[in-house]
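Residue numbers (this note's numbering): 1228 to 1824.
Note that beta-carbon positions come from the ideal geometry of N, C-alpha and C, so glycine has one too.
It should be emphasised that the depicted structure is a prediction, and the values quoted were computed from it without experimental measurement.
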Amino acid sequence: MGYTDTERKIQHPAAVVAGTIVSVVVHVTAILLLSGFRFDMGYRIDEDLRRRKENKMDVREVALKPDPVMLAMKPLAIAASPVQDSAVAMDVAQVAENTGAKPEAVAIEPPTLQENRLAGENRSVSEPSALPDRQKWEPRQEIVEIEKKLIDDKVKALARKPIEKVDRVKNAPDIVMTIDRSKMDKNASSGMSSTNLLPPDLDKRVEGGRAGIDGGKSGISGLRNTGAGPTVKSPSSNEEPLFTRGSGTNTFKPIEKYLKAELTTYASSLEPEYGYFKIEIARLGDEILPVIPKDIILVQDCSTSMAEQRLHFCRDGLTNCLQELAPGDRFNVVSFRDTREKCFQEWAEVKPETIGAARQFISEMRASGDTDIYSSLKHLLEPAPTPGRPVIALMISDGYSTAGIVDNSDIIGAFSKLNNGAISVFSLGTLQTANMYLLDLVSHCNRGDAFNVTSGRWDIPKSIHNLLKEVKRPVLSDVKFTFAGGDRCMVYPVLTSNLYLDRPLILHGRYNKDMKNVVFQAIGKAGAVDCDMVFDLDIGKAGKPGGKDIRTEWAEQRVYFLMGEYARNGDPAVLRELKETANSYKIKVPYARDLPK
């Protein structure tokens, strides 16, 4: 049975009243009991302090008896005092005499060692006796009887075949391609092309690639005519030195044995059609290939945009470059702005007086005027290059043209067509915001390379010096490559740099996976001599496995090639192909803001 709210309120009223009364009584009692209690802890502390201040301290002089132990610890003071008791002084002196110890004599020599005697179980061991005389060994004097004769004694021994002395070539390759000597002699006398000296299968593959790289579009097709060309001299026991010139005709020199071609490959199962490779061509040894004389021209931008802050360090770098010139070289120094000025009207030989004149010319360079880059580059071709002497131009600039032709693509295309690989152009940017699109493409399209100093103007002299050191020892100029396979083997760069002792020549290629070998030919000039090299590299055996970066580097080189082609002719189809290549290989187009959208 439940209760309502009203009924719950009136239930047990007597208990409520009783509880209230008890609570009141308890609280009243507690108040009465605690009314006499005092919290006087602080009061008691103050009272103790007051009493301590009132208590007086009784200070008196007390005579202490002398401690005999302390007197014994002070013998010097007691001995020095004349008023002390003499007995006490004598006791202290006696104690000091008894406790003192005289130092032992110092042993300056080691003690005498007793003779080592045998002891213990070795006591009865006797001294060793002399060795007994041994008789000299003599073999048995017996005759070995031949039980069964295989060769008749009457047969005369065969005469020893003499071997002619062969001149050894240092660091020569272990395996070289076979050559038909009789065919070589016949072809040399008839004036036929040197490609006929190759093995039949290799000869066909090389001839198949004569159209040039990238299906003959590269402009380097027909590097060697199948008709009359450089002749090959018949080999003899006294071979002529490398890079000589015969009377009347060019002497053809194969140089495969002086170079090495390192092949690195990459192939992915995700790309079933193509594989990629990188070839590095370098010398086999330090002094195998002779250095050929060069013509070098130092080109300095002296426009207002260079400013004296950077031009000062450029002058230091150019002055240091003069020390790297070798005997037999020729050089010149050019400053340009909207006009140009040459140190020498003709090529100058390396002599103390010409070096001094060049230093004076460099020290007088000052920043002023506008910048006409195309005009300065065009005049580098005057006078015309001497055949057999590589011409290297080192241009130092910020890359901004403000006079004459100012469009970057126009400058790149116009000069590249005019130069056609005759001069190698190396560019150096002088500040972080330099126009590297112009400097990079001008160098890439003209057998060179470009660098930029982004760490500060203080590093300009070192950068100029390092760049010149890489190119100061050329061994092969006007180098042209031909790869067998046509479109099935696309290799970049199409127009390569010269071959230098201190700078490897690198090629990037893409090949169809059904190809087993990479076959290519390179021709060039060493002085006035035409040189040739042919390599047949087995992709499976000679190639070292590489990483995915080989594929990326090939795509980057192809993009650079297409950028140069677009600068030459402005064909929109080339630009579309450039962007498609970048999208397919997922790489960024360099200097995209300088290209049309």
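Asked, Found
"Sort out for me which residues DSSP pairs Arg-1567 with in a bridge.", "Phe-1563"
"Please check the pair Leu-1511 and Leu-1525, which I expect to be a contact at CB under 8 Å, by giving their CB distance rounded to whole angstroms.", "The pair is not a contact, with the Cβ atoms about 32 Å apart (cut-off 8 Å)."
"If I follow the unbroken alpha helix (DSSP H) through Ala-1711, where does it start and stop?", "Where Ala-1711 is concerned, there is no enclosing alpha helix (DSSP H), given that its DSSP letter is neither H nor E."
"For Ser-1595, I'd like the list of residues in its chain whose CB is within less than 8 Å of its CB, leaving aside the five on either flank, ordered along the chain.", "Cys-1529, Ser-1530, Thr-1531 and Arg-1564"
"Whole angstroms are fine: how far does the CA of Ile-1733 sit from the CA of Ser-1654?", "19 Å"
"Roughly how many angstroms lie between the CA atoms of Ala-1534 and Leu-1549, to the nearest whole one?", "23 Å"
"Are the segment 1632-1648 and the segment 1609-1623 touching by the rule of at least three beta carbon pairs closer than 8 Å?", "no"
"Does the pairing of the segment 1580-1588 with the segment 1489-1505 give three or more beta-carbon distances under 8 Å?", "no"
"Mind pulling the alpha helix (DSSP H) runs of 4 or more residues that sit fully within the segment 1486-1550?", "1534-1548"
"Quick check: the Cα distance between Leu-1424 and Tyr-1719, rounded to an integer number of angstroms?", "Note on Leu-1424: pLDDT 39, under 50, position unreliable in the model; no value is reported."
"Which residues mark the beginning and the end of the beta strand (DSSP E) in which Leu-1658 is found?", "First-last for Leu-1658: undefined, no H or E at that position."
"Evaluate the contact criterion for the segment 1624-1638 versus the segment 1764-1784: three or more CB pairs, one atom per stretch, below 8 Å.", "no"
"Should the segment 1692-1711 be called in touch with the segment 1738-1749, which here means at least 3 C-beta pairs below 8 Å?", "yes"
"Leaving out five residues before and five after Gly-1640 in sequence, what residues of the same chain have Cβ atoms less than 6 Å from its Cβ?", "Ala-1794 and Arg-1795"
"Is Asn-1725 near Pro-1701, with beta carbons less than 8 Å apart?", "yes"
"If you pair each beta-carbon of the segment 1811-1821 with each one of the segment 1771-1784, do three or more pairs fall below 8 Å?", "yes"
"Pull up the distance between the alpha-carbon of Trp-1364 and that of Lys-1392, whole angstroms please.", "45 Å"
"Within 10 angstroms of its Cβ, does Asn-1739 collect 16 or more other Cβ (buried), or is it exposed?", "exposed"
"Using the C-alpha atoms, what's the distance from Ile-1390 back to Lys-1521?", "43 Å"
"Does Ala-1575 pass the burial test, meaning 16 or more other C-beta atoms within 10 Å, or should it be called exposed?", "buried"
"For Ser-1603 and Thr-1566, what's the separation of their Cα atoms in angstroms?", "8 Å"
"Near Glu-1804, what residues of its chain come up, given a Cβ to Cβ distance below 8 Å and the 5 sequence neighbours on each side ignored?", "Leu-1789"
"Quick check on the burial criterion: 16 or more other C-beta atoms within 10 angstroms. Buried or exposed for Arg-1432?", "Any answer about Arg-1432 is weak, because its pLDDT of 37 lies below 50 and its placement is not dependable; what the coordinates show is given next. Its Cβ being crowded by 16 or more others within 10 Å, Arg-1432 is buried."
"Who are the near neighbours of Val-1761 in its chain, counting only those whose CB is closer than 6 Å to its CB and skipping five residues on each side?", "Gln-1748"
"The alpha helix (DSSP H) with Gly-1246 in it runs from where to where?", "1240-1261"
"Buried or exposed: where does Pro-1688 fall if 16 or more other Cβ atoms within 10 Å of its Cβ makes it buried?", "buried"
"Expressed to the nearest angstrom, what Euclidean distance is found between the alpha-carbon atoms of Ser-1682 and Gly-1626?", "17 Å"
"Measure the beta-carbon distance from Tyr-1727 to Val-1698 and round it to whole angstroms, keeping in mind my assumption that it falls under 8 Å.", "6 Å"
"Note down, one range per segment and in chain order, each beta strand (DSSP E) of at least 3 residues found wholly within the segment 1748-1786.", "1756-1765"
"Does the distance from the C-beta atom of Val-1518 to that of Leu-1552 stay below 8 Å?", "no"
"Can you give me the C-alpha to C-alpha distance between Ser-1704 and Arg-1593, rounded to a whole angstrom?", "35 Å"
"Check for me: the beta strand (DSSP E) holding Tyr-1719 runs from which residue to which?", "1716-1719"
"Closer than 8 Å, CB to CB, is Val-1561 near chain C or not?", "No chain C appears in the structure shown, which is made up of a single protein chain."
"How about Ile-1777 and Tyr-1503: do their beta carbons lie closer than 8 Å?", "yes"
"When we look at the beta-carbon of Asn-1465 and count the other beta-carbons within 10 Å, is it buried (16 or more) or exposed?", "Residue confidence for Asn-1465 is low, a pLDDT of 38 falling below 50, so the modelled location carries little weight and cannot support an answer."
"Determine the direct distance from the alpha carbon of Glu-1483 to that of Asp-1757, and round the result to whole angstroms.", "14 Å"
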